[in-house]
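What follows is a single structure, written as structure tokens, with notes after it.
Protein chains: 2
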Amino acid sequence: MSGAVTWIAADWGTSHLRVWLMGAGGEVIARRDSGDGMGKLEPDGFEPALLALIGEALPEGQSTPVMICGMAGSRQGWAEAPYATVPCKPPSAGQTRLVGTSDPRLRVRILPGVKQEHPADVMRGEETQIAGFLALNPGYDGIICLPGTHCKWAHVSAGEIVSFRTFMTGELFALLSRQSVLRHSVPASGWDEGAFADAVDRVMSRPESLAASLFGLRAEALLHDLDGTAARSRLSGLLIGAELAAAKPYWLGQQVALLGDTAIAAPYRAALMAQSVPVTLADAERMTLEGLKAAQAKEETT
Amino acid sequence: MSGAVTWIAADWGTSHLRVWLMGAGGEVIARRDSGDGMGKLEPDGFEPALLALIGEALPEGQSTPVMICGMAGSRQGWAEAPYATVPCKPPSAGQTRLVGTSDPRLRVRILPGVKQEHPADVMRGEETQIAGFLALNPGYDGIICLPGTHCKWAHVSAGEIVSFRTFMTGELFALLSRQSVLRHSVPASGWDEGAFADAVDRVMSRPESLAASLFGLRAEALLHDLDGTAARSRLSGLLIGAELAAAKPYWLGQQVALLGDTAIAAPYRAALMAQSVPVTLADAERMTLEGLKAAQAKEETT
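Pasting the structure below:
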């Protein structure tokens, strides 16, 4: 590790904690992560979990700012950072929740999530990725799609999140492929582009066919030796097709920025491009860091 | 226990084993069950599991017929009883698989399941419930719906299963309500008829809304204190609504016999009656036993 740590950026989700030790010039001195996600911590477990990851790097005799986004700010998290409400800019400095700590070397702030009253929806963490994307693409007007366990579609205009909608597609895929009867027919990896595209098409044109198509994967494996790679791709296509059918008011006639790692974003990109939607890919982790940097920079100037 | 056991009826599913000790006059001498389902047994574990339940009741010095339906006849079960193919009568005597046993007091036969080539589908156990229903209602022409973990819709005419389709609705409900993020908002019991009916209506008229509506249950609980009973009923309504939208070619303009226990069948009945579909309820366990009795009676006369 070289250079002095001047502040710490942290993405604290349900299942992970990821931190960047930041230098005075905006450079990343080190990146670390652990499995100490919000989901397994009581409120008094957050400070020890953070110190376990970064304690030895903290300068003595001063307090180092820590800027956190994600589920650590939920009611079940470290300390609640109440939601901002759409339409709104992604929350930034001035809206953070200052959290008391036992260790005087820490000055911890948590960024709020964003909520929508009707239809009811919430995000925590994705708003910071959106802020990062907007910091790099000021003036962007269009859709930002953030695939993952709970995929978010956000309409962004004039620097604000106008509206958004959440889909449980990633979680459904994980439950169905690992814990349902389909686990016998769907392997953990493998990709068949044609099987994926066919399934997306089928469900987009007849959304009601989703319910009837799922067990068919198992039956085709039993009766017609359906290949595991095809089964996995078709399951993904059925679920993403159902999501695209429902999210059509978001992407139709719009440009879409996909924020996600390649493995998660690639099928969304393929499905959207098949609908002639212009798609830009951006790295989700980089957007998180850019969003935290933007919030910290503003914090320092206010 | 009174009277001599002349044969044994058995329903052997993935997670349970249920047996009836039958007397010479067709009466049930005793009913027993255990958790020794096919899912946790190796092929050589079936005979001991059966003997653990009925061994002491077997007359000595003769072999007692055991008629089995269900997953015990699958490839991963005790011994494979290859599927009959629709259109066909529910499999009966003459199509059973005779299984060798170590204990000479047993003469075990397993009934085959039924398969459909296109669209690919399979059943094991439900065909025996259908046989039981037809034994009690000869000449029935219409739809038989068998709700459960994997709900089956079968078109029955002239004593034959003409076609059928399987929906994973029960398994989806269990996974979503117990293992997904919705588990925080969906309690294990409670029923709100209005919330159920509204959700069925919404998804039947716009099937693509299912994907967008699931996470909304969590968000409404967080933001608007959505009642747990309403959340549970709405989740059930969304999933059953999606199933009814897909199964419409089955029930539209038909009479429907629902074979299931009351708790599982009641929401299906309410949703179908809201569509003005004439519905008859029949007890699934009784139909299983009637189906096994019909097969055994035929076995004895052939």
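For the record, the sequence lines run as chains A and B.
Residue numbering for the first sequence follows my numbering, starting at 1 and increasing by one per position.
Residue numbering for the second sequence follows my numbering, starting at 303 and increasing by one per position.
From the three backbone atoms N, C-alpha and C, an ideal C-beta is built for every residue, glycine too.
Computed from a predicted structure; not experimentally measured.
Is the distance from the Cβ of residue i to the Cβ of residue j below 8 Å?
| i | j | result |
| --- | --- | --- |
| E60 of chain A | R105 of chain A | yes |
| L525 of chain B | V122 of chain A | yes |
| F466 of chain B | A456 of chain B | yes |
| L309 of chain A | L238 of chain A | Residue 309 of chain A lies beyond the range of chain A shown here (1 to 302); nothing can be said about it. |
| I432 of chain B | I463 of chain B | yes |
| G142 of chain A | Q255 of chain A | yes |
| R409 of chain B | P367 of chain B | yes |
| L519 of chain B | S487 of chain B | yes |
| A549 of chain B | P509 of chain B | no |
| A270 of chain A | A197 of chain A | yes |
| H318 of chain B | D335 of chain B | yes |
| G339 of chain B | P449 of chain B | no |
| F133 of chain A | A266 of chain A | no |
| V307 of chain B | A354 of chain B | no |
| I240 of chain A | V279 of chain A | no |
| M204 of chain A | A245 of chain A | yes |
| S177 of chain A | L235 of chain A | yes |
| T471 of chain B | C453 of chain B | yes |
| P414 of chain B | P393 of chain B | yes |
| I331 of chain B | G357 of chain B | no |
| T451 of chain B | T590 of chain B | no |
| G159 of chain A | R124 of chain A | no |
| W7 of chain A | F46 of chain A | no |
| A437 of chain B | E601 of chain B | no |
| S180 of chain A | L484 of chain B | no |
| A597 of chain B | A395 of chain B | yes |
| A521 of chain B | A533 of chain B | no |
| K595 of chain B | G328 of chain B | yes |
Kindly list, in the order they appear in chain B, the residues whose Cβ is closer than 9 Å to that of residue i.
| i | result |
| --- | --- |
| P207 of chain A | R508, P509, E510, S511, L512, A513, A544, A547 |
Using the DSSP secondary-structure output, state which residues sit across from residue i in a beta bridge.
| i | result |
| --- | --- |
| F164 of chain A | A:A154 |
| Q418 of chain B | B:D423 |
| P605 of chain B | Given that chain B is displayed from residue 303 to residue 604, the structure contains no residue 605 of chain B and the question cannot be resolved. |
| S336 of chain B | B:L319 |
| G142 of chain A | A:V156 |
| I310 of chain B | B:L323, B:V368 |
| T387 of chain B | B:K417 |
| V330 of chain B | B:M324 |
Give the interface partners of residue i over in chain A, defined as CB-CB distance under 9 Å, in chain order.
| i | result |
| --- | --- |
| V556 of chain B | The sequence given here places Gln at residue 556 of chain B; Val does not occur at that position. The premise fails here: Q556 of chain B is roughly 17 Å from chain A at the closest Cβ pair, so nothing lies under 9 Å. |
So which residues on chain B does residue i lean against when the C-beta distance must stay under 7 Å?
| i | result |
| --- | --- |
| S180 of chain A | M470, E473, L477 |
| R165 of chain A | A514 |
According to DSSP, simplified to helix, strand and coil, what is residue i?
| i | result |
| --- | --- |
| G347 of chain B | helix |
| L474 of chain B | helix |
| L281 of chain A | strand |
| R377 of chain B | coil |
| V99 of chain A | strand |
| V203 of chain A | helix |
| T128 of chain A | helix |
| L591 of chain B | helix |
| L226 of chain A | coil |
| L58 of chain A | coil |
| V186 of chain A | coil |
| L560 of chain B | strand |
| S92 of chain A | coil |
| S177 of chain A | helix |
| D500 of chain B | helix |
| Q296 of chain A | helix |
| L438 of chain B | helix |
| S511 of chain B | helix |
| L605 of chain B | Nothing about residue 605 of chain B can be read from this structure; chain B reaches only from 303 to 604. |
| G3 of chain A | coil |
| P267 of chain A | helix |
Is residue i close to chain C, meaning its C-beta is less than 8 Å from at least one C-beta of that chain?
| i | result |
| --- | --- |
| D529 of chain B | Among the protein chains in the structure shown, which are A and B, there is no chain C. |
Listing by chain order, which chain A residues have their CB less than 8 Å from the CB of residue i?
| i | result |
| --- | --- |
| H452 of chain B | V181, F215 |
Could you work out which residues of chain B lie near residue i, taking near to mean beta carbons separated by less than 8 Å?
| i | result |
| --- | --- |
| H16 of chain A | Per Cβ cutoff of 8 Å: no residues; H16 of chain A is ~16 Å from chain B at best. |
Kindly list, in the order they appear in chain A, the residues whose Cβ is closer than 7 Å to that of residue i.
| i | result |
| --- | --- |
| K417 of chain B | L223 |
| E522 of chain B | A120 |
Evaluate contact between the segment 307-314 of chain B and the segment 362-372 of chain B, counting only Cβ atoms and requiring at least three cross-stretch pairs below 8 Å. yes
I'd like to know if the segment 383-401 of chain B and the segment 190-206 of chain A are in contact, where contact means that at least 3 CB-CB pairs between them fall below 8 Å. no
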